[in-house]
Amino acid sequence: SMDTMGFLPRMKSDLETVILEPNGIVLVTGPTGSGKSTTLYAVLSQLNTEGRNILTAEDPVEYEIDGIGQMHMHEKIGLTFASALRAMLRQDPDVIMVGEIRDQETARISIQAALTGHLVLSTLHTNDAPSAVTRLIDMGIEPYLITSTVRAVLAQRLVRVICPACKTAYTPTARELSDFGLSAKELKNGKLYR
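Read left to right, the sequence shown gives residues 1 to 194 (the working numbering).
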């Protein structure tokens with residue numbers, strides 16, 4: 001769920017506001033393994049309410065979610081993100097999730113879907129949020145279409161966390177505190193965990 005994703009309160013609130021819009025494109029960017037799909041699944045779970053038609057095109061389907069129509073891409077038989085998007089639009093979805101915008105055709109159909117009243121969620125492989133716009137322009141998408149459809153771009157990285165059941169407290173040395181840019185006063189109980 002979005003509650004367990006580690007978003008700062010304002011970021012979570014902003015994202016919740018954007019995904020409640022009836023149309024537009026929300027992009028999640030980051031390198032491979034940065035949690036983009038996990039974020040999209042958390043968003044889909046939040047949007048998954050009775051009466052809301054949600055369809056996905058994924059390669060592969062990573063998690064099955066009850067109440068959502070999920071389609072696995074199979075390029076060898078012609079089932080691409082672009083062809084899946086075209087088929088989805090004939091089913092009058094409220095929300096569409098495209099696993100990744102990889103080419104101009106998928107980008108154009110996603111934009112058309114957003115312009116015709118659908119919320120489109122997808123990922124792009126860029127290292128930061130501004131680069132998502134540049135990438136779409138490099139794919140041949142006109143800037144005015146990007147500005148009229150893209151509602152938000154979330155760039156993310158995974159941050160390692162310590163297992164709450166496994167962590168052990170220790171008192172850091174002065175050098176460790178210096179390396180982290182911390183003072184002993186800033187630490188809760190003067191301890192760090194490993």
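Glycine included, C-beta positions come from ideal geometry on N, C-alpha and C. All of these numbers come straight from a predicted model, not from anything done at the bench.
DSSP places I19 within a helical segment (H, G or I) once states are collapsed to three.
For I68, the three-state secondary structure derived from DSSP is coil. When the five nearest sequence neighbours on each side are left out, the beta carbons in the same chain lying within less than 6 angstroms of the beta carbon of R135 are those of L124, T126, in order along the chain. Its chain contains Y170, P172 as the residues whose beta carbon lies nearer than 7 angstroms to that of L192, once the 5 sequence neighbours on both sides are disregarded; these appear in chain order. Beyond the five residues adjoining it in sequence on each side, Q46 comes within less than 8 angstroms, by CB distance, of S1, M2, E16, I19 in the same chain, given in chain order. The region 136-180 is shown to contain whole beta strand (DSSP E) runs of 3 or more residues at 150-155, in chain order. In this structure, G117 is the residue among G117, S122, V161 with its C-alpha nearest to the C-alpha of N23. Proximity to I101 across L85, D66, V95 peaks at L85, based on C-alpha coordinates.
Here the alpha carbon of R151 sits roughly 16 angstroms from the alpha carbon of R10.
Contact between Q156 and G33 does not hold, since their C-beta atoms are separated by about 11 angstroms, which reaches or exceeds 8 angstroms. Looking from the CA of C166, the closest CA among R194, L182, L154 belongs to R194. Taking the Cα positions, T80 is about 54 angstroms away from S183.
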